[in-house]
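To convert a position in the sequence shown, counted from 1, into the numbering used here, add 21.
Even glycine gets a Cβ: it sits at the ideal position worked out from N, Cα and C.
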Amino acid sequence: MRLFHEQGYSATTVDQIAAAAEISPSTFFRYFPTKEATVLYDPFDPVLIEAALAQPPELSPTAALRATADTIRTHIPAEEWERERERQVLVFREPELRTAVMDKFAEGIDLLAGMAARRTGRAVDDFDVRNWAGAVVGVVMAAFAGAAADPGADTLAILDKALAHLEAGLPL
């Protein structure tokens with residue numbers, strides 16, 4: 022992230038990233054298939070899904086996600102969350118990353134549909150389950166894009182507000 026901030030994302034090469042990490046470019050490619058993958062890698066997704074699954078069974082899938090966001094706020098160190106916020110800002114600021122992140126959001130639909138199916142006892146390919154998962158991804162994407170545009174934004178507070186809006190049926 023440091024190189025991207027100092028030089029700009031587009032101007033930073035894989036060779037520079039590898040040198041800064043004190044590894045060879047071939048070692049870099051063993052861990053990341055592309056430069057984009059270094060930024061798009063999100064270690065939180067699997068953790069969030071597991072935390073949502075661990076929420077009380079009486080909570081709706083959306084309420085479970087909101088409770089999970091509260092868990093994140095209390096269990097992830099501030100400096101780690103700040104790195105995540107920097108990553109999100111970079112993703113939404115850089116056009117080539119914004120394009121690449123769409124694939125990650127599509128994967129998010131699958132992850133969320135799996136979580137909702139397990140919580141509700143419905144099939145993962147159930148229309149309502151997949152539709153809900155797509156709505157959550159849209160809400161999350163809008164929340165993160167909005168937070169990335171505001172340097173002082175509290176991303177988790179914006180995410181909670183967005184999920185509450187979804188839970189209320191997205192009234193205008």
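Distance between beta carbons of residue j and residue i, contact taken as under 8 Å
i, j, result
"T92", "A72", "5 Å"
"L61", "A41", "About 19 Å separates the two Cβ atoms, so there is no contact after all."
"A169", "V110", "4 Å"
"A144", "L187", "22 Å between Cβ atoms; not a contact."
Three-state secondary structure (DSSP) of residue i
i, result
"V145", "coil"
"Y52", "helix"
"L191", "coil"
"S47", "helix"
"A32", "coil"
Host alpha helix (DSSP H) of residue i (start-end)
i, result
"E27", "23-28"
"I38", "35-41"
Distance cut-off 6 Å: residue i Cβ against heavy atoms of the ligand ATP
i, result
"W102", "Ligands in the displayed structure: none, and consequently the ligand ATP is not present."
Closest by C-alpha distance to residue i, when choosing among the options
i, options, result
"A178", "L74, M22, R94, L132", "R94"
"L74", "D63, A88, P64", "A88"
"G159", "M136, K125, T141, M22", "K125"
Alpha helix (DSSP H) segments (min. 4 residues) lying fully within the segment 64-118: 65-74, 82-96, 99-114
Uninterrupted alpha helix (DSSP H) stretches inside the segment 128-175 (no shorter than 4 residues): 148-169
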